[in-house]
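**Student:** Count the sequence shown with the numbering used here and you get residues 791 to 901, in order.
One structure coming up, written as structure tokens, with questions to follow.
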Amino acid sequence: MKAKAIVKYVRMSSTKVEIVLNLIRGKAVNEAFAILKYTPKDAAVVVSKLLKSAVANAENNLDLDANNLYISETYSCQGPTLKRFQPHAQGRAFGIKKRSSHITLVVKEKE
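Here it is, written out as structure tokens:
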């Protein structure tokens, strides 16, 4: 039995989110919360909320025990990119890409 949670259109690059996801992949849920609490990345706040949602889905929808859960899969996909321009000297323009991401987190029960 596995429960998952997805958050879409997070205004953060998927490569930056992937750094935080690599820290918690394969860990127990309680250990992952502790790691995320002390990780100095902006993505840690978003991933912590997502993990909380996945645990709630597991408890309420599938009747799984929160103490036996571990993070089995985590991945971050690229979402739509907002394209903006920064004006520069002599009529030139500098392109800015504001990237977004879709994050998926799957928890399973230990056997």
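Idealized CB from N, CA, C, for every residue including glycine.
For Val835, does the count of other Cβ atoms within 10 angstroms reach 16, so buried, or fall short, so exposed?
**Tutor:** In the sequence shown, the residue the question calls residue 835 occupies position 45. With fewer than 16 Cβ atoms within 10 Å of its Cβ, Val835 is classed as exposed.
**Student:** Taking DSSP's pairing of strands, which residues face His892 in a bridge?
**Tutor:** For the purposes of this step, residue 892 is taken as residue 102 along the sequence shown, with counting starting at 1. His892 is bridged to Cys867.
**Student:** Please name the residue or residues paired with Gln880 in a DSSP beta bridge.
**Tutor:** As a working mapping, residue 880 is identified with position 90 in the sequence shown. Paired residue(s): none; Gln880 is not in a bridge.
**Student:** Work out the CA separation of Arg889 and Leu840 for me, nearest whole Å.
**Tutor:** Locating residue 840 in the sequence shown gives position 50, counting from the first residue. Locating residue 889 in the sequence shown gives position 99, counting from the first residue. Taking the straight line joining both Cα atoms gives about 19 Å.
**Student:** Consult DSSP for Ser803 and reduce its assignment to one of helix, strand or coil.
**Tutor:** Working through the sequence shown from its first residue, we reach residue 803 at position 13. Coil, per DSSP.
**Student:** Identify every run of the beta strand (DSSP E) within the stretch 817–844, keeping only runs that are complete inside it and at least 3 residues long; order them along the chain.
**Tutor:** Segments of the beta strand (DSSP E) lying fully in the stretch 817–844: there are none.
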